[in-house]
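Peer 1: Supplied in structure tokens, the structure appears directly below.
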Amino acid sequence: MPSVVQEAIKTVIARYNASELVTQRNKVSEEIWDVLKKRAMMFKITLDDVSLIHVSFGKEFTTAVEAKQVAAQEAERVKFVVEKAEQEKKSVIIRAEGEAKSAELIGTAMESNPSFITLRQIEAAREIAHTVAEGENKVYRCSSDLLLNLRKH
134 MPSVVQEAIK TVIARYNASE LVTQRNKVSE EIWDVLKKRA MMFKITLDDV SLIHVSFGKE
194 FTTAVEAKQV AAQEAERVKF VVEKAEQEKK SVIIRAEGEA KSAELIGTAM ESNPSFITLR
254 QIEAAREIAH TVAEGENKVY RCSSDLLLNL RKH
């Protein structure tokens, strides 16, 4: 009879994967009970109940499952790194396109209006003056160093 029990258990368990054996333990028990009940009748034995109390897996299987989980996590990490790189690539392209457009607009403005350069020099001088004024150290500079010598153009 023990070989009949082992055969019935192996037959039913072969239909399920490892996670299903744990999550559908009651269904597996019922199927084993059905198979064993039919086989036991051949020997004039009546079964009242069959139940799976503890399901455990061998060390090799557990190691394989852990390796699969580690591989899945690594795949997710690699996928994230690739997606991040793609986003950074798009960001660099967009920034470069913006800078190119800005340079084009500045070039057009310089061609159509020569005083544009003077305006930019004044803006730069203001920014420098503000930085120097707000700093803790006092700096004394010539006006030509601050781009204020505008008469050269």
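Positions 134 to 286 (my numbering) are the ones given, in order, by the sequence shown.
Think of the CB as a built atom: it goes at the ideal place given N, C-alpha and C, for glycine as much as any other residue.
It should be emphasised that the depicted structure is a prediction, and the values quoted were computed from it without experimental measurement.
Please state the DSSP three-state secondary structure of Thr264.
Peer 2: Thr264 falls in the helix class under three-state DSSP.
Peer 1: Could you tell me whether any Cβ in chain D is nearer than 8 Å to the Cβ of Thr156?
Peer 2: Included in the structure is just one protein chain, with no chain D present.
Peer 1: Do you know offhand how far Gly240's Cα is from Arg259's?
Peer 2: 22 Å
Peer 1: Three-state secondary structure (DSSP) at Asn246?
Peer 2: coil
Peer 1: If we ignore side chains and look at the alpha-carbon of each, how far apart do Thr144 and Glu207 end up?
Peer 2: 35 Å
Peer 1: If you check the beta carbons only, do Ile169 and Val183 fall under 8 Å apart?
Peer 2: With the sequence shown as reference, residue 169 is identified as Leu, and Ile is not the correct amino acid for it. With respect to Val183, Leu169 sits close: the two C-beta atoms are nearer than 8 Å.
Peer 1: List the endpoints of the continuous alpha helix (DSSP H) containing Ala173.
Peer 2: 158-175
Peer 1: Exposed or buried, Ile178, counting other C-beta atoms within 10 Å across all chains shown (16 or more means buried)?
Peer 2: Taking a 10 Å sphere around the C-beta of Ile178, we find fewer than 16 other C-beta atoms and assign the residue as exposed.
Peer 1: Where Ile146 and Asn159 are concerned, what is the direct C-alpha to C-alpha distance, given to the nearest angstrom?
Peer 2: 12 Å
Peer 1: Using beta-carbon positions only, say whether Arg172 and Val137 come within less than 8 Å of one another.
Peer 2: yes
Peer 1: Just tell me which of Ala205, Pro247, Leu185, Tyr273 has its CA closest to the CA of Leu154.
Peer 2: Residue Leu185 is the option with its Cα nearest to Leu154.
Peer 1: In whole angstroms, what separates the C-alpha of Lys234 from that of Gln220?
Peer 2: 21 Å
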